[in-house]
Amino acid sequence: HQVPLEMHKVRMVQKLSLLPVEERLKKIQEAGNNTFLLQNKDIFMDMLTDSGVNGMSDLQFGAMMQADDAYAGSESFTRVKAAIKEVFGTENVLPAHQGRACENILAEAYVKPGMVTLMNFHFTTTKAHITRVGGVVEEIVDAKGLIPQTDDPFKGDFDLDKLRSRIDELGPDKVAFVRVEAGTNLIGGQPVSLSNMIAVTDICHEKGVKSVLDASLLQDNIYFMKMREARCKYMEIKDIYHLLADHFDIIYFSARKLSFSKGGIITSKDPKFTKEMMEYVPLYEGFLTYGGMDVRTMEALAQGLYESLDMEYINQGPEFIKYLTKELSDYGVPVILPAGGLGCHLDCQAFVPNMPHNQYPAGAVSAALYIIGGIRPMERGTLSEQREPDGTERYAELELARLAVPRRVFTLSQLKYVADRVKWLWDNRELIGGLEWVEEPKVLRFFFGRLKEI
Ligand code: F0G
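What follows is the structure, given as structure tokens:
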């Protein structure tokens, strides 16, 4: 089938090692069967995330050399602002150290106890910040988003009728904001259509509710808009960004994803919003011209934003993911379809159908992938959920093991290796056993919790 092409050449490399299987078994047991707790040196294919580990360009490294060190008024921040103006067309910019720091500021500024935030789907850190200040998260993703295999091009779309009626039922004053997550992470990196995003903001304006775009995964999402949505085919990438910035009140993103650097940004067309959030930046992050980012990070961020206007740059994630997904799906391995952004997602309820939900199928498949291939996936299922306030387990709608494909990092032969190992595991899936907690942290438990084999 169609083979993706690397539109770059590799000029700096990092050595990898592939430990023998007996040692891998020992390492995953020492890590409490949690792939977050493995050491990178023990991993062959690190597919935990695309966050902060994408391949940076020569121009990004070059830009880092001209960084302007200053506590206040750094030229590096001026260059970030210029890049945001070019890409989003907005002039009001707040810096933060990464995406979840933007979420902390949003939660502090706008979420009061008992208020509800409506979103297509939650993200782990978003929900943790909102619930920490007493807010509630409600998900309004269209029902098609939760069906593992469909041919729907935009599974991240909102159910617009439900959004309308939920705002009416709650009353606009009770809704802190509506958040659209581009490239919906936890349901398999599934995009939202441009039409659906605009329709959400129209509903928000009509009802008098704030609209927020989490643009962390917007780069992949825009690729899918260009490929799958008729109205976007002939639009310039920049025109899509500008249109979104015209419609949303607030946009924020993790630059670990959107610009292939580090850091985070909040921006808005109307200065009213950045003014309302501004005081939290020096309080939690740092002065208004760095917000926790070092100057070299800001230079890489600015350059990465310009580069994200290039189709031959933003196609590098989705096209390699599509290749891996098709390899697996053609073999019969249950994967989320259609292929989305961020990574290839194994549907673990179908991978190990007999494993009870309370034995954490996605966590079990993830640990098994490390043992059989030195591959590090990320659990995106029930372990990544948080318990209900009364302590009962909240079972995830989708039990996913995510094989993230950081852009411009792996070669096609490495992806073929991954496909081969996953197929082997699929053929031998009866070997996979369930997990139970040994140490369960209260907040964001998936990051550092420990489990053992049952
Ligand atoms: N929003 C989305 C949609 C994300 O995917 C992430 C991070 C964040 C916010 C938080 O940003 O990590 O810079 O604080 N996602 C990473 C992942 C961690 O691997 O899925 P951050």
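In our numbering, the protein residues as written are 56 to 509.
Backbone N, C-alpha and C define an ideal beta-carbon position, used for all residues, glycine too.
Buried or exposed by the 16-neighbour rule on C-beta atoms within 10 Å, applied to residue i
{"i": "A417", "result": "buried"}
{"i": "I391", "result": "buried"}
{"i": "A355", "result": "buried"}
{"i": "E340", "result": "buried"}
{"i": "K312", "result": "buried"}
{"i": "P432", "result": "buried"}
{"i": "N159", "result": "buried"}
{"i": "I83", "result": "buried"}
{"i": "G189", "result": "exposed"}
{"i": "I376", "result": "buried"}
{"i": "P434", "result": "The residue asked about is misnamed: residue 434 is Glu in this sequence, not Pro. E434 is buried by the Cβ-count criterion."}
{"i": "R457", "result": "buried"}
{"i": "C447", "result": "It should be pointed out that residue 447 corresponds to Thr in this sequence rather than to Cys. Exposed."}
{"i": "I509", "result": "exposed"}
{"i": "N409", "result": "exposed"}
{"i": "Y450", "result": "exposed"}
{"i": "H302", "result": "buried"}
{"i": "P393", "result": "buried"}
{"i": "N483", "result": "exposed"}
{"i": "Q404", "result": "buried"}
Backbone secondary structure at residue i - three-state DSSP
{"i": "F308", "result": "strand"}
{"i": "G319", "result": "strand"}
{"i": "A405", "result": "helix"}
{"i": "M62", "result": "coil"}
{"i": "I123", "result": "Position check: residue 123 holds Asp in this sequence, whereas Ile was assumed. In this structure, D123 counts as coil in the three-state DSSP scheme."}
{"i": "V388", "result": "coil"}
{"i": "D101", "result": "strand"}
{"i": "S314", "result": "coil"}
{"i": "R442", "result": "coil"}
{"i": "R463", "result": "coil"}
{"i": "N44", "result": "With the chain covering 56 to 509 only, the question about residue 44 has no answer from this structure."}
{"i": "E194", "result": "strand"}
{"i": "Q204", "result": "strand"}
{"i": "P168", "result": "coil"}
{"i": "Y415", "result": "coil"}
{"i": "S510", "result": "No answer is possible for residue 510: the residues shown for the chain start at 56 and end at 509."}
{"i": "V477", "result": "helix"}
{"i": "T145", "result": "coil"}
{"i": "N109", "result": "coil"}
{"i": "R449", "result": "coil"}
{"i": "D294", "result": "helix"}
{"i": "D228", "result": "helix"}
Identified DSSP bridge partners for residue i
{"i": "N251", "result": "The partner list for N251 (beta bridge, DSSP) is empty, contrary to what the question assumes."}
{"i": "K507", "result": "E491"}
{"i": "H400", "result": "R457"}
{"i": "R435", "result": "L455"}
{"i": "Q245", "result": "T239"}
{"i": "P150", "result": "I320"}
{"i": "R234", "result": "M174, V267"}
{"i": "I369", "result": "Partner(s): none; I369 has no beta bridge."}
{"i": "I430", "result": "M100"}
{"i": "F213", "result": "V196"}
Pairwise C-alpha distance: residue j and residue i
{"i": "H56", "j": "C399", "result": "17 Å"}
{"i": "D228", "j": "K327", "result": "18 Å"}
{"i": "E146", "j": "I321", "result": "11 Å"}
{"i": "P137", "j": "K317", "result": "Note on residue identity: the sequence assigns Ala, not Pro, to residue 137. When rounded, the distance between both Cα atoms is 17 Å."}
{"i": "Q115", "j": "N175", "result": "33 Å"}
{"i": "L149", "j": "K182", "result": "21 Å"}
{"i": "R500", "j": "Y289", "result": "44 Å"}
{"i": "E77", "j": "Q245", "result": "36 Å"}
{"i": "G144", "j": "I195", "result": "29 Å"}
{"i": "A474", "j": "L379", "result": "6 Å"}
{"i": "A270", "j": "E236", "result": "7 Å"}
{"i": "R134", "j": "N413", "result": "49 Å"}
{"i": "Q94", "j": "T256", "result": "43 Å"}
{"i": "L241", "j": "E495", "result": "21 Å"}
{"i": "Q153", "j": "F308", "result": "8 Å"}
{"i": "G428", "j": "K70", "result": "17 Å"}
{"i": "S248", "j": "D216", "result": "16 Å"}
{"i": "D101", "j": "I306", "result": "30 Å"}
{"i": "S323", "j": "K140", "result": "10 Å"}
{"i": "R463", "j": "E374", "result": "11 Å"}
{"i": "G359", "j": "Y278", "result": "16 Å"}
Any non-hydrogen atom of the ligand FAD closer than 7 Å to residue i Cβ
{"i": "E331", "result": "Ligands displayed in this structure: the ligand F0G; the ligand FAD is not among them."}
Residue-chain proximity (residue i, chain D), Cβ-Cβ < 8 Å
{"i": "V171", "result": "In the structure shown, chain D cannot be found, because there is only a single protein chain."}
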